[in-house]
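Numbering (the working numbering), first residue to last: 1 to 1002. This report concerns only the one structure given below.
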RNA sequence: GCGCGGUUAGCUCAGUGGUAGAGCACUACAUUGACACUGUAGGGGUCACAGGUUCGAACCCUGUAUCGCGCACCA
């Protein structure tokens, strides 16, 4: 029975044994610096081979909980960016932590077909290599090219995620264009169509002239544009010689104007309502064709411009609505590619819309209609992907009226309530009400709520080829008989989901619309009857919004779905809160009757050092793979996490990664040190034993307590999703507390130069029992070190998976663990528990031990400061004298000697300093540094005076507080006591410094 | 216009009412047996500003300034 598991303690640590470690036998092979390249691939392959990432639904039981995350699927065209690094490192940390908590973990990976992006990439390649457009080669051939491209280049990012160490279950990798995924999309479409939530209609949409497709509102970003406001006049037909002046930013759309609007309450113009104006363009059109009404509409702001608005219902959203209200005709004057059409008139016809603007201004100028042009900047919608101004355009599109809006809106917790502890989502057959979903940070819940409250129908059709084809077929019939016959024949066509027929039209034109899941023979049958499938594909997000369950085999009730859905956490950027998160929540309610995930963690946006967004065009985005090559994946992960606080944007700086590398190196060398100080000096080279409470030094106890504090802090940080806090804790604990203080102090027990057996005990070389080398203590110290390191490696593992696995095996800790709990891999080693009261009692760990070392450390720092002030070279050994505040063990004096780099530390309770002595007072006692004539009296006086000033300032601050009766009366007892103690401490220091000063002067 | 977030050391940021912190950068010293990818010591802050609440405010309230983001937009 290893370690403490056999004892009466409830605390079940395993790794308290000291044994011969593999490394120990091969010390020469341990490199002086950590070399990630030789380690990372080895362990990643090992994990894959052992199936460590593969989730097994069979293992989920009431005892073994499931934990699941679905990856935000990166674009199949994508390459790893710093944003991916941040996002996926967080997911990997969560997944690895959950495994160590004993959960069955599914982190489900995959890629997104990314319609516009992928189509763009392939089209560009086609035009570059073959000088052809996609239309030149046709739809089928083009799609073939896309698939070839995907096979060849797609999924680069998957390999890159592996380099980063992501522990995704690659056996379940999905792609949003997989066949079974496509069936999910079609099923959902048909279902929503049946519910009449999906409809087709001619609406004003955001048209991208570059990619020539409609876009959703979310794909449009507003950008401020510097342009001009043009003032032109129009003549009122009923009152020749009377003109109205109109201000516009888009004179090229004048040929599309079908009215002029004024506010009916505007005293200047109300009288003209009902009359007509002569539209100046196209100039060559006859006058009667250009007469358009003056209408009154509340929408017109009479403060703006001239208070007269031109109304272009076919090319402006607001104008479209005005047109609807007043039954205005719509004149579409533009081609899909953004060039003007013949309705715009001869000089404009065929011109690009921006060139047309210039020409329109010239035309107005020529005819004397242009009054003035003033510089003006306004917000213009841009196509997010193509980065060209959107053209509001009338077109026939498919729309979705969002389902389950109310439920989805209500399920997200709006108010902050206590600690955000990750909850256990209900799974499988559990019918209990779903808990609420939490956003981290919480404030995104408000943004979400606002959007959900103002939601507009979603334009889901895209005029692209790469994507899920809309499962709707239609036929135009020109007689009622034809309709009847067609409907009759339709019955012969096998359709899995019949009854979704819509017939509309009248007299000589009827449209039959069939929406159905595709099936064998069906398409042929429909074609035979003269039906054609809708040419459009669906918005990529119309497949992504099903990701959490479509990837798990829905609509089949697969084991994966039963055990792992809904998922626990979703990690994503706030930039896709509407695109993706909100829609997934609605889909979750609509198709799975509940929330799709329990917690949503929104990362910050990664920016460069100057705070600019990372972008290809700026070239400010480092290649994470380069960084991994240069510093290692662990370094990249640690550096990124350390600089990414919850809810804040991250300013990326390569120095962070460098720091991560340094940290890994520190960890490496601390373990190397452990191996070097070996096996306790036993002649067999092997020592076995538990930590013996009786042999624990104050430093041992202190580091155990610090470990306990670190574990607790880590647990809190995880519960609050504060990963930068977690890395800060690890950094502080390991570097500062463990390496800088504990390891240095432990060298007293470990250093072979202090071995008693090297020389006969003399006064210069005291025997072991007065603080020199002690074999048992050496062994006990190693046990403490192994205990701390084996815990520390586990705390580090979610953040630094590679180096911790290497060290876990290298140090031999794996051998002390059961096969499935760390024996095979650190991935399954149990997450450290805080030290419990029994443990602390057994090892005699108390708060006093902690304080004792903390004041001792202060004494050491101050002592080193004395040396420095006295200009004593760092490598020169000097003699200190200590008047201790409490009795000190001989061992502790040796530690002091080492930490102060002293020739000796003489303990003298009744020491009376001579004149040439520097001194400090701390909670551990008074430390003296006699300088025997070397002291610079004036410099020392100056130092003491400065010190006294500082002390007096601090003391008087506390004194003033304590002198305030309001303070002493109202303040809680513990705060009062703390202040009194603080004052006493400062006073003690003050007395000491004063005495020292007096001694110098007298 | 509405909403959200920020303003703390030279830089990047922690810090939810009780002694202002970290990392980097800087200065000086040290090649000592884990680590120079290191160690030790040091300098450096009117916590944006103004009021208020409180015995006590970086922290809570009100307002202002300023930067950033989101939403909605007037042509």
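Here a beta-carbon is modelled for each residue, glycine too, at the ideal position from N, C-alpha and C.
>> Please report the straight-line C-alpha distance between residue 1077 and residue 77, rounded to a whole angstrom.
In response: As displayed, the chain neither begins before 1 nor continues past 1002, which places residue 1077 out of reach and without an answer.
> Which partner residues does residue 594 have in the DSSP bridge list?
Replying inline: When DSSP reads this structure, residue 594 sits in no beta bridge, so it has no partner.
> In chain order, what residues of the same chain lie with their CB nearer than 7 Å to the CB of residue 699, ignoring the 5 residues before and after it?
Replying inline: For residue 699, the CB contacts under 7 Å within the same chain, skipping 5 residues up- and downstream, are 742, 745, 746, 853 and 895 in chain order.
> Distance, Cα to Cα, residue 390 vs residue 276?
Replying inline: So the two alpha carbons sit approximately 31 Å from each other.
> Residue range of the alpha helix (DSSP H) that residue 483 falls in?
Replying inline: 480-490 is the span of the alpha helix (DSSP H), which, as asked, contains residue 483.
>> Between residue 551 and residue 110, how many whole angstroms is the CB-CB distance? I'm expecting something under 8 Å.
In response: Right, their Cβ atoms sit about 6 Å apart.
> If we ignore side chains and look at the alpha-carbon of each, how far apart do residue 887 and residue 909 end up?
Replying inline: Just so you know, the alpha carbons of residue 887 and residue 909 end up roughly 9 Å apart.
> Excluding sequence positions up to five away, which residues of its chain have a Cβ less than 7 Å from the Cβ of residue 400?
Replying inline: Listed in chain order, the non-local C-beta contacts of residue 400 below 7 Å within the same chain comprise 192, 197, 198, 457, 458 and 460, local neighbours out to five positions each way being set aside.
> Where residue 1014 and residue 375 are concerned, what is the direct C-alpha to C-alpha distance, given to the nearest angstrom?
Replying inline: A query on residue 1014 cannot be resolved here, the shown segment of the chain reaching from 1 to 1002 and no further.
> Between residue 831 and residue 794, is the Cβ-Cβ spacing less than 8 Å?
Replying inline: The beta carbons of residue 831 and residue 794 sit closer together than 8 Å.
>> Going by DSSP, what residue range makes up the beta strand (DSSP E) through residue 926?
In response: From DSSP, the beta strand (DSSP E) with residue 926 extends over 925-930.
> Applying the criterion that 16 or more other CB atoms from any shown protein chain within 10 Å of the CB defines a buried residue, is residue 704 buried or exposed?
Replying inline: By the 10 Å Cβ count, residue 704 comes out buried.
> What is the rounded straight-line gap between the Cα of residue 968 and the Cα of residue 954?
Replying inline: Rounded to the nearest whole angstrom, the C-alpha separation of residue 968 and residue 954 is 18 Å.
> How is residue 206 classed by DSSP in three states: helix, strand or coil?
Replying inline: Strand.
>> Quick check on the DSSP output: what are the complete alpha helix (DSSP H) runs of length 4 or more inside the stretch 89-171, in order along the chain?
In response: Listed in chain order, the alpha helix (DSSP H) elements of length 4 or more contained wholly in the stretch 89-171 are 115-130, 134-137, 139-153 and 156-164.
> Where DSSP assigns a beta bridge to residue 569, which residues make up the other side?
Replying inline: Note: residue 569 sits in a beta bridge opposite 599.
>> Considering only the alpha carbon of each residue, which of 273, 301 and 93 lies closest to residue 295?
In response: That would be 273, whose Cα lies nearest to the Cα of residue 295.
> Alpha carbon to alpha carbon, how far is residue 941 from residue 1000?
Replying inline: Looking at the two C-alpha atoms, the distance is approximately 7 Å.
> What is the rounded straight-line gap between the Cα of residue 373 and the Cα of residue 359?
Replying inline: Roughly 14 Å separates the two Cα atoms.
> Under the three-state reduction of DSSP, which class applies to residue 822: helix, strand or coil?
Replying inline: In the structure shown, the three-state DSSP call for residue 822 is coil.
> For residue 247, which residues from the same chain have a beta carbon less than 6 Å from its beta carbon, with the 5 sequence-adjacent residues on both sides left out?
Replying inline: Scanning its chain for C-beta atoms nearer than 6 Å, with the 5 sequence neighbours on each side dropped, one finds around residue 247 the residues 229, 231, 305 and 306, in chain order.
> Fully enclosed by the stretch 848-908, which alpha helix (DSSP H) runs are 4 residues long or longer?
Replying inline: Runs found: 890-899.
> If we count the other Cβ atoms within 10 Å of its Cβ and call it buried at 16 or more, is residue 383 buried or exposed?
Replying inline: Residue 383 comes out buried.
> Which term fits residue 763, buried or exposed, when burial requires 16 or more other beta carbons within 10 angstroms of its beta carbon?
Replying inline: In this predicted model, residue 763 has a pLDDT of only 41, less than 50, meaning its place in the structure is not dependable; the value taken from the coordinates is given anyway. Residue 763 counts as exposed, since fewer than 16 other C-beta atoms from the protein chains shown sit within 10 angstroms of its C-beta.
> Shortest alpha-carbon distance to residue 629 belongs to which of 32, 39 and 31?
Replying inline: Closest option to residue 629, Cα to Cα, is 39.
> For the alpha helix (DSSP H) that contains residue 779, what are its first and last residues?
Replying inline: Per DSSP, residue 779 belongs to the alpha helix (DSSP H) from 775-796.
>> Pull the bridge partners of residue 175 from the DSSP assignment, please.
In response: DSSP lists 111 as partners of residue 175.
> What residues in its chain sit with their C-beta under 8 Å from that of residue 451, if we drop five residues either side in the sequence?
Replying inline: Sequence-distant Cβ neighbours of residue 451 in its own chain, meaning closer than 8 Å and more than five residues away, are 577, 578 and 582.
>> Give me, in chain order, the residues of the same chain whose beta-carbon lies closer than 8 Å to that of residue 1030; leave out the 5 immediate sequence neighbours on both sides.
In response: Shown here, the chain extends from 1 to 1002; a query on residue 1030 therefore has no answer.
> Going by beta carbon distance, what residues of the same chain come within less than 8 Å of residue 944, once the five residues before and after it are set aside?
Replying inline: Excluding positions up to five away in sequence, the list reads 993, 996, 997 and 1000.
> Exposed or buried, residue 806, counting other C-beta atoms within 10 Å across all chains shown (16 or more means buried)?
Replying inline: Residue burial annotation: residue 806 is buried, with at least 16 other C-beta atoms found within 10 angstroms of its C-beta.
>> With the cut-off set at 8 Å, would you say residue 405 and residue 445 are in Cβ contact?
In response: No, these two residues do not count as a Cβ contact at 8 Å.
> How would you write the range of the alpha helix (DSSP H) that residue 711 sits in, first residue to last?
Replying inline: Boundaries of the alpha helix (DSSP H) around residue 711: 698-719.
> Grouping DSSP H, G and I as helix and E and B as strand, with all else coil, what is residue 392?
Replying inline: Look at residue 392 here: in three-state DSSP terms it is strand.
> Taking buried to mean at least 16 other C-beta atoms within 10 Å of its own C-beta, is residue 626 buried or exposed?
Replying inline: Exposed, by the Cβ-count rule.
> How many Å lie between residue 300 and residue 448 at the Cα?
Replying inline: So the alpha carbons of these two residues sit roughly 31 Å apart.
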